[in-house]
Amino acid sequence: MSTVDAVAAAPVAVEQKAPRKRPKLAETWWRHIVGIVACLVALFPVWFVVSAAFNRDQSVSGTTFLPTHWTLGNFGTLLHNNIKDPSTGSPVYAPFLRWFGNTLLVATVAALCTVFISALAAYAFSRYRFRGRRFGMLALLLVQMFPTLLLVVAIYLIVYNVGSIFPTFGLNSYPALILVYLGGAMGVNTWLMKGFFDTIPKELDESARVDGATPAQIYWGVVLPLALPILAVIFLWSFIFALNEFVIASAIMQTPSHYTLPVGLNQFISGNYGQYWGYFAAACLIAAIPAALLFAWLQRYIVSGLAQGAVKG
Amino acid sequence: MTSATAPTTQLPGPARRRAWLPVVISAFSGTTGFAIKIALLSISNALAIWAAYVLATRHNWIVVAVLIGVTALVDVVFLTPRKWAVPLKFLVPGTLLLIAFQVIPILYTFNVAFTNYSTGHILTKAQAIKGIELTSLQQPNNGKTYTLGVAQSGSGYVLILEDQASGKSYVGTDKGLTPLPPGAVKASGGQIVSAQGYKLLSGLALFNAVDGPLQKLVVPVGHGAGIRAQSPTTAVELEPTLRYDPKRDVFVSLVSGAVYHDDGKGQFSNPTAGPLLPGWKTYIGTKNFTAIINDPTVKTPFIRVFIWTFVFAAGTVLFSFAIGLFLAVALDKRGMRFQRVYRTILIIPWAIPGFLSLLVWGGLLNSEFGVINNVLHLSVPWLTDANWARFSCILVSTWLTVPYFFVVSMGALQAIPNELVEAARVDGGGPFQIFRRVTFPLLLVAVGPLLIASFAFNFNNFNNIYLLTRGGPTFTGGNGVAGATDILISYTYKLAIASGLGNNFGLAAAISIIIFVITAVLAGIGFSRTAVLEERI
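Protein sequence lines correspond, in order, to chains L and V. Convert by adding 223 to the 1-based position in the first sequence; the result is the number in the numbering used here. Convert by adding 55 to the 1-based position in the second sequence; the result is the number in the numbering used here.
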């Protein structure tokens, strides 16, 4: 099955035609039991987070099936950055909105640039025959096998040294973090996109060329608008990658006001499950919103991207 | 057969209504795009010229040359009308980033894997020699002592010194001693009270200076000897106990006469007295790799981590696939009520950002405060006992991965032609037999490569381990770094950076290369199974 068959087939296959007749409950009762149990297992951590977010008690151990003391106070305290250490009463520095903003900024810019860069490269690999093309594609694949995570020491040293001369691109800099994420923009993304471009008929390019279009006009005006589904999938994957990325962000962002959410929340909650669970739960509910919206918006494309073997973390 | 199972090749794009995104994208094709290109090129050239200027003032000539070369290349590629440059226009932006942030770090990692780069071996040899000379300074018997005052001068510090024996006063910098006129310095009660022309530090500023930067400020007084602050109010003259002989490249002890040779491991060492600290970074060949095989303190934790990495990845994939497939089979009944509701809810764990789920699970499984122990009235050490922690890691990982295999299996099941199942039924096959002999083998063809991809992904699934258990609990009898749930990648990260026991960049880089090879082999198997590589190139 070629790439785009899979991309195109999956959403079609998942959508079902309207049933001609409903099967009797006597046949399907066990299926419903399986479904209900699975849904309970899938939902129970989510439910306890929701419950804790609206509960006054700050300890995990105080979390119950339903909040014992309903309150919206956790959200207020969290958003006003007003959290206090329960034993000493001194303020705890956890600027949630700042972290949230940092993360959205980095993830959005990185994802947009990733789509831009990888689509350019994929188009070249799909449409042009040039020397080193095959080598280039294999090299991309090989480079991608080296987990970016393991490069963190080298990346740190590069950013540190660049920063000692150009502080704008040094430690604690958003441009630096985004650029590092963009280092991995080609690779798997380019492969996926090339597969998609291959299925857009070359005759379209040809006829545009005959009409006198430049390569840039063909790319932007003809091919790219047709590739929207794969652009959406790559945007979502890159966004979620940057949203979840922990190690590189923790190495480059050194001061708490520059943290991204994974770094900040991890530091905020680890070892403090007994103290700030309610605030943390409220933070989780807010932090899950962007990804959930994107998922809902791009859902049908995601399923097709999935069929390609893209794996989410 | 119904048409629902037939794969079509029509694009799933917005076919009926014209969405705004394609319109925006195609706007880049004409003059707007050209203007943006010229603007971007101008900005990058301006930035490059400014950067080259800054670098030139710092005499960083190699970087300047690379910068000019790259900028010129970019300009040529984007401005020439020649045909050969067209593919390059598309490839240059990504390739430059790839080289800067992937290829160069990879080469650097390969380089480090053959060095002893680690805590105690960070410096260059010249810096290490200076460091050894500094640490060898000791106070000789009846050496001179001075009453000390500290003053700030420019960006550094100066020492105001009064010789306790002769009463003469001096100002000391890292260049040497300068005598001060008699009466310029007033001392009383073992303290310097004032010094003409200098503002003395006092209080916390003084203590911080003496504890920190002043430990490195040695005022040279000839013969390798020097004066250093000993307390906030006294300084002493120190003499070296080791002397570096540049001709023979050895350190000689001035006390015992022992000779310390460069032992090839990045340190000066004497057979009986041992090595001198600090050492320096040097190439040690394949020692990092052979240590994994031979050195028991490296080998034992490595093997345990290695095995667990495979168990974790395989366990996660097998359980997730089994459960996901079972759910897909159970819920894939045409016309069943609530099917869409079940499907939407089951995808939820996958739509939540992974790091949030992991931190939440950390709370739920917390043995002291955790919800699960509380609600079920248990006291299971979910994350603190080695075996329970391993169980928890696979459990949470499976919870995170089931939706993926559920969706994938669902798609694959529905893509299997109904005729095959019907034919098997006509031939008298039972439901289980049909599943085992018809559905499952067909499904495996579609899902097989995804199983391998998922295995490779979980093999390097740092977040799942590190955000849940930090790799702990730490083994007893290991090297104090590796923990029961550490997978190779988290172990490497801890070795390199985060163990609190110093950094072993060399060994970490060597293990990185091993992980790289394993991942590449796994991917190779995956691609050879699908033959997708040849087809796609």
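C-beta atoms are modelled at their ideal positions from N, C-alpha and C, and glycine is treated no differently. Predicted model, so just to flag it, every value in this text is computed and none were measured.
Would residue i and residue j be called neighbours here (beta carbons separated by less than 7 Å)?
i              : j              : result
residue 250(V) : residue 204(V) : yes
residue 334(L) : residue 461(L) : yes
residue 280(V) : residue 294(V) : yes
residue 523(V) : residue 419(V) : no
residue 322(V) : residue 334(V) : yes
residue 540(V) : residue 526(V) : yes
residue 340(L) : residue 400(L) : no
residue 561(V) : residue 171(V) : yes
residue 344(L) : residue 146(V) : yes
residue 442(L) : residue 421(V) : no
residue 452(V) : residue 296(V) : no
residue 458(V) : residue 401(V) : yes
residue 375(L) : residue 470(L) : yes
residue 565(V) : residue 349(V) : no
residue 164(V) : residue 567(V) : yes
residue 391(V) : residue 294(L) : no
residue 268(L) : residue 415(V) : yes
residue 521(L) : residue 276(L) : no
residue 486(L) : residue 472(L) : yes
residue 519(L) : residue 484(L) : no
Take residue i as the anchor and find which of the options has the nearest alpha-carbon.
i              : options                        : result
residue 360(L) : 153(V), 522(V), 449(V), 506(V) : 153(V)
residue 380(V) : 139(V), 464(V), 395(V)         : 464(V)
residue 408(L) : 419(L), 364(L), 487(L)         : 364(L)
residue 486(V) : 385(V), 444(V), 347(V)         : 385(V)
residue 369(L) : 160(V), 95(V), 325(V)          : 160(V)
residue 516(V) : 213(V), 363(V), 100(V), 530(V) : 363(V)
residue 206(V) : 348(V), 263(V), 367(V)         : 263(V)
residue 242(V) : 289(V), 267(V), 274(V), 209(V) : 289(V)
residue 150(V) : 317(L), 311(L), 410(L)         : 410(L)
residue 155(V) : 366(L), 432(L), 390(L), 247(L) : 366(L)
residue 454(L) : 569(V), 77(V), 542(V), 521(V)  : 77(V)
residue 510(V) : 462(V), 224(V), 456(V)         : 456(V)
residue 255(L) : 570(V), 431(V), 393(V)         : 393(V)
residue 292(V) : 302(V), 195(V), 240(V)         : 195(V)
residue 513(L) : 416(L), 292(L), 265(L), 327(L) : 327(L)
residue 520(V) : 483(V), 444(V), 551(V)         : 444(V)
residue 462(V) : 105(V), 177(V), 382(V), 319(V) : 382(V)
residue 162(V) : 373(L), 482(L), 491(L), 247(L) : 373(L)
residue 229(V) : 208(V), 583(V), 447(V), 397(V) : 208(V)
Can you determine whether any heavy atom of the ligand GDP sits closer than 6 Å to the C-beta of residue i, and answer yes or no?
i              : result
residue 389(L) : Absent from the structure shown: the ligand GDP. Ligands present: none.
query: Is the segment 362-379 of chain V in contact with the segment 417-432 of chain V, if contact means three or more CB pairs nearer than 8 Å?
result: Fewer than three beta-carbon pairs drawn from the segment 362-379 of chain V and the segment 417-432 of chain V are found closer than 8 Å, and the two stretches are therefore not classed as touching.
- prompt: Would the segment 340-354 of chain L and the segment 418-429 of chain L be scored as touching if the rule is three or more Cβ pairs under 8 Å?
  reply: Cβ pair count under 8 Å is three or more, so yes.
query: Whole alpha helix (DSSP H) runs in the segment 367-405 of chain L with 4 or more residues, listed along the chain?
result: For secondary structure counted as the alpha helix (DSSP H) over 4 or more consecutive residues, the segment 367-405 of chain L holds these complete runs in sequence order: 375-388.
- prompt: Along the segment 256-283 of chain L, what residues have a CB closer than 7 Å to any CB found in chain V?
  reply: So the close ones are 257, 258, 261, 262, 265, 266, 268, 269, 271, 272, 282, 283.
query: Taking the runs of the alpha helix (DSSP H) that are 4 residues or longer, which of them lie wholly in the segment 325-405 of chain V?
result: Scanning the segment 325-405 of chain V from its first residue to its last, the whole alpha helix (DSSP H) runs of 4-plus residues come out as 342-349, 351-386.
task: Name, going along the chain, the residues of the segment 98-129 of chain V whose beta-carbon falls closer than 8 Å to a beta-carbon of chain L.
output: Cβ proximity to chain L below 8 Å picks out 106, 109, 110, 113, 115 from the segment 98-129 of chain V.
query: Are three or more beta carbon pairs between the segment 209-221 of chain V and the segment 247-262 of chain V nearer than 8 Å?
result: Cβ pair count under 8 Å is three or more, so yes.
- prompt: Are at least three pairs of beta-carbons, each pair with one atom in the segment 441-449 of chain L and one in the segment 375-392 of chain L, less than 8 Å apart?
  reply: These segments do not touch.
message: Count Cβ pairs between the segment 495-508 of chain L and the segment 288-302 of chain L that sit closer than 8 Å; are there 3 or more?
response: Yes: the two stretches touch, three or more of their Cβ pairs being nearer than 8 Å.
message: Across the segment 500-515 of chain V and the segment 341-358 of chain V, are there enough close Cβ pairs to call them in contact, namely three or more that are closer than 8 Å?
response: No, the segment 500-515 of chain V does not touch the segment 341-358 of chain V.
task: Taking only runs that begin and end inside the segment 298-324 of chain V, name each unbroken beta strand (DSSP E) of 3 or more residues, in chain order.
output: List check, beta strand (DSSP E) in window: 305-308, 314-317.
- prompt: Which residues, in chain order, does the segment 369-401 of chain L contribute to contact with chain V at a C-beta distance below 9 Å?
  reply: If the cut-off is 9 Å between Cβ atoms, the segment 369-401 of chain L has 369, 370, 371, 372, 373, 374, 375, 376, 377, 378, 379, 380, 381, 388, 389 near chain V.
message: Against chain V, which members of the segment 465-491 of chain L pass a CB distance test of less than 8 Å?
response: So the list reads 466, 467, 469, 470, 474, 484, 485, 488, 489, given in the order they occur along the chain.
message: Closer than 8 Å is the cut-off here; do at least three beta carbon pairs connect the segment 319-326 of chain L with the segment 102-120 of chain V?
response: Flag = no, the segment 319-326 of chain L and the segment 102-120 of chain V do not touch.
query: Along the segment 493-506 of chain L, what residues have a CB closer than 9 Å to any CB found in chain V?
result: Within the segment 493-506 of chain L, the residues whose Cβ lies closer than 9 Å to some Cβ of chain V are 493, 496, 497, 500, 503, 504, 506, listed in chain order.
task: Would you list, in chain order, the members of the segment 380-392 of chain V that have their beta-carbon closer than 8 Å to a beta-carbon of chain L?
output: Residues of the segment 380-392 of chain V with a Cβ closer than 8 Å to any Cβ of chain L, in chain order: 381, 382, 385, 386, 388, 389, 390, 391, 392.
task: Entirely within the segment 222-300 of chain V and at least 3 residues each: give me those beta strand (DSSP E) ranges in chain order.
output: Within the segment 222-300 of chain V, the complete beta strand (DSSP E) runs of at least 3 residues are 224-227, 232-234, 240-243, 246-250, 274-277, 280-286, 289-295, 297-300.
query: Using a beta-carbon distance cut-off of less than 7 Å, what residues from the segment 130-158 of chain V approach chain L?
result: Contact residues of the segment 130-158 of chain V toward chain L are 141, 142, 145, 146, 148, 149, 152, 153, 155, 156, 157, 158 (C-beta to C-beta distance below 7 Å).
field: Interface residues of the segment 529-549 of chain V facing chain L [CB-CB below 8 Å]
entry: If the cut-off is 8 Å between Cβ atoms, the segment 529-549 of chain V has 544, 547, 548 near chain L.
task: Output, in sequence order along the chain, the residues in the segment 503-518 of chain V whose CB is closer than 8 Å to any CB in chain L.
output: Under the 8 Å Cβ criterion, the segment 503-518 of chain V contributes 504, 505, 508, 509, 512, 515, 516, 517, 518.
message: Within 8 Å, do at least three Cβ pairs link the segment 425-434 of chain L to the segment 478-487 of chain L?
response: As far as the Cβ criterion goes, the segment 478-487 of chain L does not touch the segment 425-434 of chain L, which means the pair count is below three.
- request: Please specify which runs of the alpha helix (DSSP H), each continuous and at least 4 residues long, are wholly inside the segment 148-236 of chain V, giving them in chain order.
  value: Segments of the alpha helix (DSSP H) lying fully in the segment 148-236 of chain V: 159-168, 180-190.
message: I'd like the ranges of any alpha helix (DSSP H) spanning at least 4 consecutive residues and lying wholly in the segment 285-332 of chain L.
response: Counting only runs of 4 or more, we get 296-302.
query: Enumerated in chain order, which unbroken segments of the alpha helix (DSSP H) with a length of 4 residues or greater are wholly contained in the segment 443-521 of chain V?
result: Qualifying alpha helix (DSSP H) stretches, in chain order: 473-481, 486-489, 495-514.
field: Cβ-based contacts, 8 Å cut-off: residues of the segment 414-445 of chain V near chain L
entry: Correct list: 414, 415, 416, 417, 418, 419, 421, 423, 424, 425, 426, 429, 430.
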